Amino acid sequence: RGDAARPTVLLVHGYPDSQEVWEEVAEFLADRFHVVTYDVRGHGGSSAPLPLRGGFTLPKLTDDFLAVAHAVSPTRPVHLVGHDWG
Numbered sequence: 142r143g144d145a146a147r148p149t150v151l152l153v154h155g156y157p158d159s160q161e162v163w164e165e166v167a168e169f170l171a172d173r174f175h176v177v178t179y180d181v182r183g184h185g186g187s188s189a190p191l192p193l194r195g196g197f198t199l200p201k202l203t204d205d206f207l208a209v210a211h212a213v214s215p216t217r218p219v220h221l222v223g224h225d226w227g
């Protein structure tokens, strides 16, 4: 959402949610930022890793985040916004 030439804000949901929790926030920010959301592995529209055991480690989730960040803003930093219920 928003203009890709503007600063990128990457919104990351917590468990057990999906990127849909960010809908209102993304709409609010879209006139000033390039807003990106994604479903964390195994949630929303994303697939779960197989085997499940070991598929949700912090290093793997970090790699996923970095892959998304690089794909949407390969040459500029991103602003990270995250939440969880914990």
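Here the sequence shown is numbered in my numbering, starting from 142 and rising by one per residue. All C-beta atoms, glycine included, are put in the ideal place defined by N, C-alpha and C. Just so we're clear, the structure is a prediction, and the values are computed from it rather than from any experiment.
If you follow the beta strand (DSSP E) that residue i is part of, which residue opens it and which one closes it?
i, result
"residue 162", "Note, residue 162: premise wrong, no beta strand (DSSP E); not H, not E."
"residue 185", "Note, residue 185: premise wrong, no beta strand (DSSP E); not H, not E."
"residue 175", "175 to 179"
"residue 221", "219 to 223"
"residue 193", "Run containing residue 193: none; DSSP gives neither H nor E here."
"residue 149", "149 to 153"
Where does residue i sit, in a helix, a strand or coil, going by DSSP?
i, result
"residue 198", "coil"
"residue 207", "helix"
"residue 170", "helix"
"residue 212", "helix"
By the 10 Å Cβ neighbour count, where 16 or more other Cβ atoms means buried, how is residue i classified, buried or exposed?
i, result
"residue 169", "exposed"
"residue 210", "buried"
"residue 221", "exposed"
"residue 154", "buried"
"residue 179", "buried"
"residue 167", "buried"
"residue 149", "buried"
What residue from the options has the CA that sits closest to residue i's CA?
i, options, result
"residue 215", "207, 221 and 222", "207"
"residue 141", "188, 186, 205 and 160", "This structure cannot settle anything about residue 141, because the visible part of the chain is limited to 142 through 227."
"residue 185", "156, 219, 150 and 147", "156"
"residue 173", "212, 201, 163 and 142", "142"
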